[in-house]
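First residue of the sequence shown? That's 119 in the working numbering, and the numbers climb one at a time after it.
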Amino acid sequence: MRRPCRAAEAPLLAALLAGLLALSAACGSRLPESDFGTRPSDRAGGAGEPVRVGIITGATSPVGGGALTGPRDGAMAYFTALNARGGIDGRRVEVLTCDDGGSGIGNNACVQELVDEKDVFALVATTALDYAGAARVSRAGVPDIGGQPLGPAYDTYPHLYGIYGSSAPRTGGKPGWNGVLTGGTEVYRWFKRELGARTAAVVAYNQAASAAYARLITDGLEAEGYRVVTEQVDFALPNYRAVAADLKEQKVDVVFDALDTHGNARLCEAMDAVGANVTAKVTNVQNWNQAVPRDYQDAPRCRNALWVTGASRNHDDTGHPAVQEFRRAMNGRPLSQWALEGWAAAKWFTDAAESCGRTGLTRACVERFLNRTEPYTAGGLLVPVRFERLPEPPRTRHTCLSVARWQDGRGWVTQGGDMDRNCATVPQLRYRP
119 MRRPCRAAEA
129 PLLAALLAGL
139 LALSAACGSR
149 LPESDFGTRP
159 SDRAGGAGEP
169 VRVGIITGAT
179 SPVGGGALTG
189 PRDGAMAYFT
199 ALNARGGIDG
209 RRVEVLTCDD
219 GGSGIGNNAC
229 VQELVDEKDV
239 FALVATTALD
249 YAGAARVSRA
259 GVPDIGGQPL
269 GPAYDTYPHL
279 YGIYGSSAPR
289 TGGKPGWNGV
299 LTGGTEVYRW
309 FKRELGARTA
319 AVVAYNQAAS
329 AAYARLITDG
339 LEAEGYRVVT
349 EQVDFALPNY
359 RAVAADLKEQ
369 KVDVVFDALD
379 THGNARLCEA
389 MDAVGANVTA
399 KVTNVQNWNQ
409 AVPRDYQDAP
419 RCRNALWVTG
429 ASRNHDDTGH
439 PAVQEFRRAM
449 NGRPLSQWAL
459 EGWAAAKWFT
469 DAAESCGRTG
479 LTRACVERFL
489 NRTEPYTAGG
499 LLVPVRFERL
509 PEPPRTRHTC
519 LSVARWQDGR
529 GWVTQGGDMD
539 RNCATVPQLR
549 YRP
């Protein structure tokens with residue numbers, strides 16, 4: 119019942135920076151193999167010693183401060199609460215953080231610092247725009263647990279376990295199945311089935327990565343039988359009002375986009391200005407946060423038409439005990455879906471570590487827990503996740519979905535019932551990252 123985070127919610131933040139990151143890679147984003155030390159020990163020190171984990175985040179990345187820090191903050195909140203109640207079998211968790219600056223060079227430097235110099239036992243809640251050090255982490259046998267899949271690394275390398283799971287072989291060669299990944303159409307199926315949407319617009323910048331992402335959305339919509347209206351925005355001199363006017367003229371039901379947060383907000387303002395009212399303006403999990411009133415302050419109608427989909431329980435679902443625990447531990451820190459998923463990643467590591475019991479805490483033991491056939495839910499926070507190694511890409515998959523809608527005065531309100539029952543069997547479309 120795992121819902122892969124693929125075409126419907128591809129890593130847009132990373133895609134919009136593809137040109138910048140390609141330039142960084144061309145300038146030399148990888149360190150020589152000789153710069154790395156020896157393989158760290160499989161064991162997490164002796165009894166009573168702290169369990170050392172690392173968190174790599176693009177805290178000062180080109181997308182701006184705070185854009186990628188949610189998973190780190192959620193994971194650190196979990197470990198703080200865990201240490202307050204005694205840690206893992208009496209051992210405190212020592213958290214070491216590293217800011218990779220959103221670049222491949224910085225990421226390799228963080229991997230060298232945490233894996234080789236600090237000898238962390240595991241990485242948790244990695245959020246890297248350019249995970250250039252992923253191959254080194256894999257070769258060192260360091261489990262990377264609950265990372266955000268902003269690129270194909272979590273569908274490429276063994277020992278890497280993304281927050282949404284994977285069905286790919288992950289042998290360390292090409293991503294997915296010899297360079298092919300799959301994406302489900304569950305998001306588009308949901309809006310068609312539940313809201314009666316029939317005409318969808320896809321809005322993208324005239325920029326290669328944004329346009330490529332928009333094509334993935336368009337393919338999924340067409341597979342579900344939508345009439346699709348494509349709109350392009352000039353990246354340097356955007357005319358959102360013209361796009362909004364055409365959305366109104368085309369009588370669009372639902373809008374998907376390949377824009378950043380700023381572009382989404384400006385589009386919404388233009389839609390309000392021209393009276394382009396839609397059933398749903400769908401955004402992505404990166405924008406599932408509490409900044410909506412600020413970001414969309416000049417677009418009240420469009421703001422209240424914002425919908426979001428994902429693979430984790432709505433962080434505003436205050437009636438669920440696992441969400442209540444998360445919100446208490448955040449203790450005033452900014453709430454977001456990424457923070458909740460960072461919390462879930464830290465819990466995942468902890469549950470895996472505690473499964474080792476008297477046999478002793480080893481990486482092999484932790485990975486046995488991660489690779490078990492029983493899906494993992496982090497106490498109900500995640501759509502059931504597991505790791506398979508299918509020899510061929512699946513043609514269909516039974517997938518489940520978390521859906522929420524923004525409402526002023528109420529925040530993000532869960533839609534469609536419980537995410538564990540909000541499911542459908544949908545086609546898996548193939549694409550190359």
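From the three backbone atoms N, C-alpha and C, an ideal C-beta is built for every residue, glycine too. Being a predicted model, the structure only gives us computed values, none of them experimental.
DSSP, reduced to helix, strand and coil, places Gln230 within a helical segment of the structure shown.
Ala326 counts as exposed, since fewer than 16 other beta carbons sit within 10 angstroms of its beta carbon.
Restricting attention to Gly172, Leu365, Phe239, Ala162, the CA atom closest to the CA of Thr397 is found in Leu365. Closest in alpha carbon position to Ala429, among Thr187, Pro287, Gln266, Gly204, is Gln266.
Going by DSSP, Asp390 is part of the alpha helix (DSSP H) stretching over 379-392. A distance below 7 Å separates the beta carbons of Val242 and Ile263. Proximity to Trp425 across Arg288, Val403, Arg476 peaks at Val403, based on C-alpha coordinates. Segment contact: the segment 162-177 against the segment 432-440, fewer than three CB-CB distances shorter than 8 Å; contact not assigned. Under the rule that a run must span 3 or more residues, the beta strand (DSSP E) segments found entirely inside the segment 392-443 read 398-401, 424-428. Where Ser328 is concerned, the enclosing alpha helix (DSSP H) starts and stops at 326-341. Scanning its chain for C-beta atoms nearer than 7 Å, with the 5 sequence neighbours on each side dropped, one finds around Arg548 the residues Val298, Thr300, Pro511, in chain order. For Glu212, the secondary structure class from DSSP, reduced to helix, strand or coil, is strand.
Ala388 is a Cβ neighbour of Arg359, given a cutoff of 7 Å.
Beta-bridge annotation (DSSP): Cys541 is paired with Cys518.
Under the DSSP assignment, Thr348 falls outside any alpha helix (DSSP H), being part of the beta strand (DSSP E) whose first and last residues are 345-351. The count of Cβ pairs closer than 8 Å, one atom from the segment 303-319 and one from the segment 518-526, reaches three, so the stretches are in contact. CA-to-CA, the gap between Asp217 and Asp378 works out to about 22 Å.
Secondary structure at Ser256: helix, using DSSP grouped into helix, strand and coil. For Val503, no alpha helix (DSSP H) encloses it, and the DSSP letter there is neither H nor E.
By the neighbour-count criterion, in which 16 or more other beta carbons inside 10 Å mark a residue as buried, His380 falls on the exposed side. Of the other Cβ atoms in all chains shown, 16 or more fall within 10 Å of the Cβ of Arg445; this residue is therefore buried. In terms of CA proximity to Gly393, Cys420 leads the group Leu499, Cys420, Trp406, Asp160. For Gln533, the enclosing beta strand (DSSP E) covers residues 529-533. Counting only runs of at least 3 residues, the segment 261-327 fully encloses the following beta strand (DSSP E) elements, listed from N- to C-terminal order: 262-265, 278-280, 299-302, 317-323. Just so you know, the alpha carbons of Ala362 and Leu385 end up roughly 7 Å apart. At a Cβ-Cβ threshold of 7 Å, Ala440 and Ala199 do not count as neighbours.
When only Cα atoms are considered, Val171 and Leu186 end up about 19 Å apart. In this structure Gln455 is buried. Its beta-carbon is surrounded by 16 or more other beta-carbon atoms within 10 angstroms.
Assignment of beta-bridge partners to Tyr494 by DSSP yields Val503. In this model, Asp191 and Val347 are separated by some 38 Å (Cα to Cα). Relative to Thr517, the option among Thr532, Leu500, Glu235, Gly529 whose CA is nearest is Leu500.
Distances from the CA of Ala250 to each of Thr532, Gly176, Met194 were compared; the closest alpha carbon is that of Gly176. The beta-carbon separation of Ala246 and Asn225, rounded to 5 Å, stays under the 8 Å limit for a contact. In this structure, Ala330 sits away from Val320, with a CB-CB distance that is not shorter than 7 Å. Taking the Cβ atoms as the reference, Glu472 lies roughly 28 Å from Asp273, outside the contact range of under 8 Å.
The closest CA to that of Thr289, considering only Tyr282, Leu278, Arg412, is found on Leu278.
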